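The opening residue of the sequence shown carries number 0 in numbering that gives the first Met the number 0; numbering runs sequentially from there. Please read the structure below before turning to the comments.
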Amino acid sequence: MKKVGIIRCQQTEDICPGSTDFKAAAKGSLAFEESGPVEIIGFVSCGGCPGKRAVQRASLMVDRGAEIIALASCITKGNPIGFPCPHREEMKAAIVKKIGSEITVLNWTH
Ligand code: SF4
0 MKKVGIIRCQ QTEDICPGST DFKAAAKGSL AFEESGPVEI IGFVSCGGCP GKRAVQRASL
60 MVDRGAEIIA LASCITKGNP IGFPCPHREE MKAAIVKKIG SEITVLNWTH
């Protein structure tokens, strides 16, 4: 079973428990269809706008064994209120630059 670290929007953290992320990870569904069921080894926020802390947090989760980093759908799709993160592309690019392209970075969770 692969290990995944999930990064979520700190703004959405106030209202969302992340239940659908945990369900999709446990079932290997939605964004985890290709990997199959995964073990969540970290579930952190971006640290707040503009999301710079996400880079170091992703790196630390990789150090702790994450083979996949997933940007939760609150960041990239704006779930559940339809307001995607305006910094999502920059955030992802900075994460990939830091952790390297061998680690899969998913653009969504559900
Ligand atoms: S940077 Fe993006 S993901 Fe992070 S709190 Fe702000 S809107 Fe949310």
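All residues carry an ideal CB built from backbone N, CA and C; glycine is no exception. Source: prediction; values computed, not measured.
According to DSSP, simplified to helix, strand and coil, what is residue i?
i       : result
Ile-94  : helix
Thr-103 : strand
Got a sec, what are the start and stop residues for the alpha helix (DSSP H) residue i sits in?
i       : result
Thr-108 : Careful: Thr-108 lies outside any alpha helix (DSSP H) and carries neither H nor E.
I need the boundaries of the beta strand (DSSP E) containing residue i, first residue and last residue.
i       : result
Ile-114 : This structure does not reach residue 114, given that the chain is present from 0 up to 109, and the question cannot be answered.
For residue i, count neighbouring C-beta atoms within 10 Å of its own C-beta (all shown protein chains included) and say buried if the count is 16 or more, exposed if not.
i      : result
Gly-4  : buried
Ile-68 : buried
Phe-31 : buried
Arg-56 : buried
**Request:** Go through the region 16–85 residue by residue and report every complete run of the beta strand (DSSP E) that reaches 3 residues or more, in order.
**Result:** Within the region 16–85, the runs of beta strand (DSSP E) that reach at least 3 residues and sit entirely inside it are, in chain order, 37–44, 67–70.
**Message:** Closer than 6 Å between the C-beta and any heavy atom of ligand 1: which residues qualify, listed along the chain?
**Reply:** Look at which beta carbons fall closer than 6 Å to any heavy atom of ligand 1; those residues are Cys-8, Gln-9, Gln-10, Cys-45, Gly-47, Cys-48, Pro-49, Gly-50, Ile-74, Cys-84, His-86.
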